[in-house]
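Asker: One structure, as structure tokens, below. Some questions next.
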């Protein structure tokens, strides 16, 4: 399994790919690869999903250089690239402080 430091480093270095779902969501939500890199560089783990259907994943929270919060669900399997399963800006009606579910 990958460590948070490895995932951060890979996101910053553009060593990631987006699932079809994540690609569609990023496009719909106006999230650029630059923002993914920025948020990935300072990401922290919000939730862990060891039994996810995509294999073990983490929900990360990171902030872009403009302060935009992004949630990124990433696979932590030892693959050459980090796979983003989904990505979105946390909804304040569903998240308290971007990290705790309401």
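In our numbering, the protein residues as written are 5 to 106. We put the beta carbon where it would ideally sit given N, CA and C, even for glycine.
Considering only the beta carbon of each residue, do residue 42 and residue 7 sit closer than 8 Å?
Answerer: No.
Asker: If we count Cβ pairs, one from each stretch, closer than 8 Å, do we get three or more for the stretch 25-32 versus the stretch 58-73?
Answerer: No contact exists between the stretch 25-32 and the stretch 58-73.
Asker: Do residue 82 and residue 5 have their beta-carbon atoms positioned less than 8 Å apart in this structure?
Answerer: Result yes, Cβ atoms of residue 5 and residue 82 sit closer than 8 Å.
Asker: Run the CB neighbour count on residue 38, radius 10 Å, all protein chains shown included, and call it buried at 16 or more, exposed below.
Answerer: Exposed: under 16 other Cβ atoms inside 10 Å.
Asker: Could you tell me the alpha carbon to alpha carbon distance between residue 12 and residue 61, rounded to whole angstroms?
Answerer: If I take the Cα positions, the gap works out to 14 Å.
Asker: Cutting at 6 Å between CB atoms, please list the residues of its own chain near residue 19, excluding the five before and the five after it.
Answerer: So the list reads 85, once near-sequence residues are dropped.
Asker: What's the C-alpha gap between residue 101 and residue 35?
Answerer: Taking the straight line from one Cα to the other gives about 20 Å.
Asker: For residue 89 and residue 27, which I take to be in contact (beta-carbon distance under 8 Å), what is that distance rounded to the nearest angstrom?
Answerer: That pair is no contact at about 11 Å.
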